[in-house]
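Inspection log for the structure reproduced underneath, given as structure tokens.
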Amino acid sequence: MSIDTVTAGRVAKLARIKVEEADLPALAQEFTNILGFIEQLNEVDVEGVEPMTSVTPQRLYRRSDAVTDGNQQEAVLANAPDAREGFFAVPMVVE
Amino acid sequence: MSDLMKLTLAGARDALRAGETTAVELTEASLAAVAASKPLNAFVHDTSELARSQAKAADARIQEGDAPDMCGLPIGMKDLFCTKGIVTQAASAILGGFKPQYESTVSQKLFDAGAVMVGKLNMDEFAMGSSNETSVYGNAVNPWKVDGRDLTPGGSSGGSAAAVAAETCLAATGTDTGGSIRQPAAFTGITGIKPTYGRCSRWGIVAFASSLDQAGPITKDVRDAAIMLEAMCGFDAKDSTSMNLPVPNFEAALTGDIRGKTIGIPKEYRVDGMPDALETLWSEGRQMLRDAGAIVKDISLPHTKYALPAYYVIAPAEASSNLARYDGVRFGHRAKLEAGDGITEMYEKTRAEGFGAEVQRRVMVGTYVLSAGFYDAYYNRARRVRALIKKDFDDVFAAGVDAILTPSTPSAAFGLGEMANADPVQMYLFDVFTVTVNLAGLPGISVPAGLDSQGLPLGLQLIGRPWEEGDLLNTAFALENALGFNAKPNQWWL
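So the sequence lines, in the order shown, correspond to chains A and B.
Take the first sequence: its position 62, counted from the start at 1, is 62 in the working numbering, and no numbers get skipped.
One rule links them: number in the working numbering = place in the second sequence (from 1) + 1000.
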């Protein structure tokens, strides 16, 4: 499948990565090459095969529903680019 | 350089216990070797202060007679492991200056066992790459060199492999999502094992593709791999995919006796353009295992050729989801915003500035294959093919095969920069022999086998049954004994 620049731009938007207009044709070409490689998968007969959800046949480990951690506001905020008054700060979201 | 750095983990452990050296001496020797290895660009964060205090504590423990195997041994830590209070960037600009407030389970286990961390190691950004060239720190360099060309140490654990092969530390941690322990070990003439999925806790390891990621050691030989792996693995309630199984004494499994074991040789692992030297080493390996009393037989793993395309759907899909957390809000880099920029612009600019080209490419491919209308055609199909790849292995193990012998990589290390203009898919092909093992969740080990026509190391891979790392290590030990590989690089960087 060939990926056009409109699709490449849409994927970049979905991935929340800014791509300059001028870079979209090259990106679209890379997607086309990679997806072309991936399309070999269409040769495989997968009729009746369940998609793998876990490589190890085990039930996910479950623990009792209890608080095991918490009260670590300082540690949680320690690496934030902008933290104020105990919160993460971001540009205004709602007018 | 001090002869202490020529020791293996086992040799240094025994020397410490015999009182022939101290953890402080070993650590100083390692730190000196690290400082002298700058041209290799293997170490990217200095932890010498911590190393010196860990070494003192280790010596005290050894004096008291309470010393686990790893106690006092200087190791390097891949930059993917979160280390409390020490910069951890996964070789990415987006995690610039990130200091975790917690310790990864694997690094904690190693520290609990007394290991000394002499530095954090270079790698491909977010472990995405096969040459260490996607690192924000610049590439690490292979200690092996021919004709004055700088070669890749492989990836993604390229810094780990370069550091151990150059004997700057006794061993190092690595992680392996599609071959990132085994391929660099092969490219640098040393040993690396990826255990069964679920053996090592993934907690605190920066996530790439969670259904494939596993930690493991990169070491000088098989005995060291057994010692260090044992210290790294074990059940952890903080990783829901961690398996609640006892950890065997792997070193005790190394008897070298493989009589009666069945070794499978998969016909699908013979690829076009494979160098003659590799073909020869592979057949010599077969003969050596036969001479050691194993039964060697041809097997078929029919879906092998679809492993790479399945991997390049599943790994980017999981990466696009895992890397969504890098949004400039909670940690790491945030782009400088212009007047009028809202939160969407903040995300988009932050991620464009913070992620390198290969990471951006994979996140976007992952986004595409998970997007509405393509999820079934790509992602679900890839997961079905993955089930078939696993079944290929299940079938041969059910037929009595104990381990599978293959080459580790399709060639020796290539030159840095040589793949710069190649299609990304060309780079992906270096993982052709290793990626199946991650898709099937199996243990795999690369052992150095010999040199190619240029004098560069080549590795052979053994793939084992799930949870039978002890048996796999023993087969690798028998192969290592027969191969007798002991070549080392010239220390051109000194």
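Don't be surprised by glycine CBs; every beta carbon is placed ideally from N, CA and C.
Would you say Asn-79 of chain A reaches chain C, if we count a Cβ-Cβ gap shorter than 8 Å as a contact? Given the protein chain composition of this structure (A and B), no chain C is represented.
Which of the three DSSP states, helix, strand or coil, is assigned to Ile-1190 of chain B? coil
If you measure between the beta carbons of Ala-1403 of chain B and Lys-1261 of chain B, is that distance less than 8 Å? For Ala-1403 of chain B and Lys-1261 of chain B, yes; Cβs fall inside 8 Å.
So is Val-11 of chain A in contact with chain B if we call contact Cβ pairs under 8 Å? yes
Residue from B:Gly-1450, B:Ala-1035, B:Thr-1088 and B:Met-1427 with nearest C-alpha to Ala-1482 of chain B: B:Gly-1450
Once the 5 residues before and after Pro-1039 of chain B are set aside, which same chain residues still bring their CB inside 7 Å of it? Closer than 7 Å at Cβ, skipping near neighbours: Val-1141 and Trp-1493.
Beta-carbon gap between Ala-1171 of chain B and Leu-1009 of chain B smaller than 8 Å: yes
Determine whether the Cβ of Gln-40 of chain A lies closer than 8 Å to any Cβ atom of chain B. yes
Going by CA-CA distance only, name the one from B:Gly-1179, B:Glu-1279, B:Asp-1112 and B:Gly-1484 that's closest to Ala-1057 of chain B. B:Asp-1112
Just how far apart, CA to CA, sit Asp-1423 of chain B and Arg-1259 of chain B? 45 Å
Ignoring anything shorter than 4 residues, give me the alpha helix (DSSP H) runs that lie fully in the segment 1009-1045 of chain B, in order along the chain. 1009-1017 and 1023-1035
Are the Cβ atoms of Ile-1218 of chain B and Ser-1160 of chain B separated by less than 8 Å? Contact: yes.
Closer than 9 Å at the beta carbon, the chain B residues around Phe-87 of chain A: In chain order: nothing, as chain B lies at least about 11 Å away.
Mapping the DSSP letters down to three states, classify Lys-1390 of chain B as helix, strand or coil. helix
With 8 Å as the limit, tell me which residues of the segment 1414-1447 of chain B have their beta carbon closer than that to any beta carbon of chain A; keep them in chain order. Asp-1423, Pro-1424, Val-1425, Tyr-1428, Leu-1439, Ala-1440 and Gly-1441
How about Thr-5 of chain A: is its C-beta nearer than 8 Å to some C-beta of chain B? no
Does the pairing of the segment 1093-1104 of chain B with the segment 1139-1153 of chain B give three or more beta-carbon distances under 8 Å? no
Exposure label - Arg-84 of chain A; buried when at least 16 CB within 10 Å: exposed
With three or more beta-carbon pairs closer than 8 Å as the criterion, would you say the segment 1313-1323 of chain B touches the segment 1206-1225 of chain B? yes
Answer yes or no: does any C-beta atom of chain A fall closer than 8 Å to that of Gln-1054 of chain B? At a cut-off of 8 Å between beta-carbon atoms, Gln-1054 of chain B makes no contact with chain A.
Quick check on Arg-1149 of chain B: does DSSP put it in helix, strand or coil? strand
With 16 other Cβ atoms within 10 Å as the buried cut-off, status of Asp-1066 of chain B: exposed
Using the Cα positions of Leu-1370 of chain B and Asp-1046 of chain B, report the straight-line distance between them to the nearest angstrom. 39 Å
So, is the C-beta of Ser-1201 of chain B closer than 8 Å to a C-beta in chain A? no
Does the structure place the segment 1387-1406 of chain B close enough to the segment 32-42 of chain A that three or more beta carbon pairs sit under 8 Å? no
So Val-1118 of chain B is in the beta strand (DSSP E); what residue range does that whole segment cover? 1116-1121
For my contact list, Ala-1091 of chain B and Ser-1157 of chain B are in at a C-beta cut-off of 8 Å; report their separation, rounded to the angstrom. Incorrect: roughly 11 Å between the Cβ atoms, too far for contact.
Among all the DSSP beta bridges, which residues are the ones paired with Ile-1445 of chain B? B:Ile-1193 and B:Leu-1462
Rounded to the nearest angstrom, how far is the Cβ of Arg-1152 of chain B from that of Phe-1187 of chain B, given a contact under 8 Å? Note that residue 1152 of chain B is Thr in the sequence shown, not Arg. Correct: roughly 7 Å between the Cβ atoms.
Ignoring anything shorter than 4 residues or poking outside the segment 1258-1317 of chain B, list the alpha helix (DSSP H) runs there in chain order. Counting only runs that start and end inside the segment 1258-1317 of chain B, the alpha helix (DSSP H) elements of at least 4 residues fall at 1276-1291.
Where Ala-1478 of chain B and Ser-1411 of chain B are concerned, what is the direct C-alpha to C-alpha distance, given to the nearest angstrom? 24 Å
Within this structure, are the beta carbons of Ser-1453 of chain B and Ala-1317 of chain B separated by less than 8 Å? no
I need the DSSP call for Lys-1078 of chain B, collapsed to helix, strand or coil. strand
Beta-carbon proximity of Pro-51 of chain A to Arg-1384 of chain B, cut-off 8 Å: In this structure, Arg-1384 of chain B lies closer than 8 Å to Pro-51 of chain A by Cβ.
Using 8 Å as the limit for Cβ to Cβ distance, is Gln-1101 of chain B near chain A? yes
Once you ignore the five residues that flank Ala-1162 of chain B on each side, which residues in its own chain have a CB closer than 7 Å to its CB? Answer for Ala-1162 of chain B: Leu-1040, Ala-1042, Ala-1140, Val-1141, Asn-1142, Pro-1143, Pro-1153 and Thr-1188, listed in chain order.
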